[in-house]
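A short worksheet on the structure shown next.
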Amino acid sequence: MGECIYSVEQFLALAKFCYFTYGTKDVLERECKDLHKKIQVELDGKPIDLPEIEGLVILNISSWGGGVRPWQLSPDEEGFKPVRYDDKVLEVMALYSSFHIAQLQVGLASPIKLGQASEVKIRLSGGNAPMQVDGEPWIQHPAEIIISHHGQASMLAKME
Numbered sequence: 392m393g394e395c396i397y398s399v400e401q402f403l404a405l406a407k408f409c410y411f412t413y414g415t416k417d418v419l420e421r422e423c424k425d426l427h428k429k430i431q432v433e434l435d436g437k438p439i440d441l442p443e444i445e446g447l448v449i450l451n452i453s454s455w456g457g458g459v460r461p462w463q464l465s466p467d468e469e470g471f472k473p474v475r476y477d478d479k480v481l482e483v484m485a486l487y488s489s490f491h492i493a494q495l496q497v498g499l500a501s502p503i504k505l506g507q508a509s510e511v512k513i514r515l516s517g518g519n520a521p522m523q524v525d526g527e528p529w530i531q532h533p534a535e536i537i538i539s540h541h542g543q544a545s546m547l548a549k550m551e
């Protein structure tokens, strides 16, 4: 049985290539155009005015999309706490387009920071929309989705 050994750099390069491939396809098709008209978002019960977007990202860790650290790409803004994986706070950002994702990948753009919250409520009412959680995609039918902290697992870490 053969053994495959990949470096982190090779894995990240492959991930970025995949994002580029699918992103290029979406730039042409624009399946998520006018997403802001299909969804309503609340952060800790407060409605958020959405700009014209094609994507919504909710994070509980600092990296996303092949190693991008979107929350750190823009200057610190007043009112936002530093990103922590153990604070039970979710970071919520929006994306203008697949091209915006590509710009984030190479550090040429900043995310649209919508806020931080312990509970995020999304109401999808304007038809179906593609969704993804931890890399698993599906087509979501109209629904109300509530995202919040639910338990916490202990993690092992190498001590230096």
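Mind the numbering: the sequence shown is residues 392 to 551 in this note's numbering, read in order.
Ideal placement from N, C-alpha and C gives every residue a C-beta, glycine not left out.
Pick out the complete alpha helix (DSSP H) segments inside the region 449-536, 4 residues or longer, and give them in chain order.
Runs found: 489-496.
With C-beta atoms as the reference, is residue 552 less than 8 Å away from residue 486?
Residue 552 is absent from the structure shown; the chain starts at 392 and stops at 551.
Exposed or buried, which one is residue 511 when buried takes at least 16 other CB atoms within 10 Å?
Reading the sequence shown from its first residue, position 120 is the one you call residue 511. Counting the other Cβ atoms within 10 Å of the Cβ of residue 511 gives 16 or more, which makes it buried.
Per the DSSP calculation, residue 437 is bridged to which residue(s)?
Numbered from its first residue, the sequence shown carries residue 437 at position 46. In the DSSP output, where bridge partners are listed per residue, residue 437 has 434.
Apart from the five residues just before and just after residue 491, which ones in its own chain have a Cβ nearer than 7 Å to its Cβ?
In the sequence shown, residue 491 corresponds to position 100, counting from 1. Sequence-distant Cβ neighbours of residue 491 in its own chain, meaning closer than 7 Å and more than five residues away, are 500.
Below 8 Å on the Cβ atoms is my contact criterion, and I expect residue 474 with residue 453 to pass it. Report the Cβ-Cβ distance as a whole number of Å.
Along the sequence shown, read from residue 1 onward, the residue named residue 474 stands at position 83. Along the sequence shown, read from residue 1 onward, the residue named residue 453 stands at position 62. The distance from the Cβ of residue 474 to that of residue 453 is about 4 Å, consistent with a contact at the 8 Å cut-off.
Shortest alpha-carbon distance to residue 436 belongs to which of 498, 460, 513 and 541?
Position 45 of the sequence shown, counted from the first residue, corresponds to residue 436. Check the Cα spacing between residue 436 and each of 498, 460, 513 and 541: the tightest is with 513.
If I follow the unbroken alpha helix (DSSP H) through residue 426, where does it start and stop?
The residue you call residue 426 lines up with position 35 of the sequence shown. Element bounds for residue 426: 426-429.
Are there 16 or more other CB atoms within 10 angstroms of the CB of residue 462, so buried, or fewer, so exposed?
Residue mapping note: residue 462 aligns to position 71 of the sequence shown, counting from 1. Around the beta carbon of residue 462, 16 or more other beta carbons lie within 10 angstroms, which makes this residue buried.
Where does residue 528 land, buried or exposed, given buried means 16+ other C-beta within 10 angstroms?
Indexing the sequence shown from 1 puts residue 528 at position 137. Residue 528 comes out exposed.
For residue 547, does the three-state DSSP call read helix, strand or coil?
Within the sequence shown, numbered from 1, the residue matching residue 547 stands at position 156. Coil.
What do you get for residue 562, buried or exposed, if any count of 16 or more other CB atoms within 10 angstroms of its CB means buried?
There is no way to answer for residue 562, as the model of the chain reaches only from 392 to 551.
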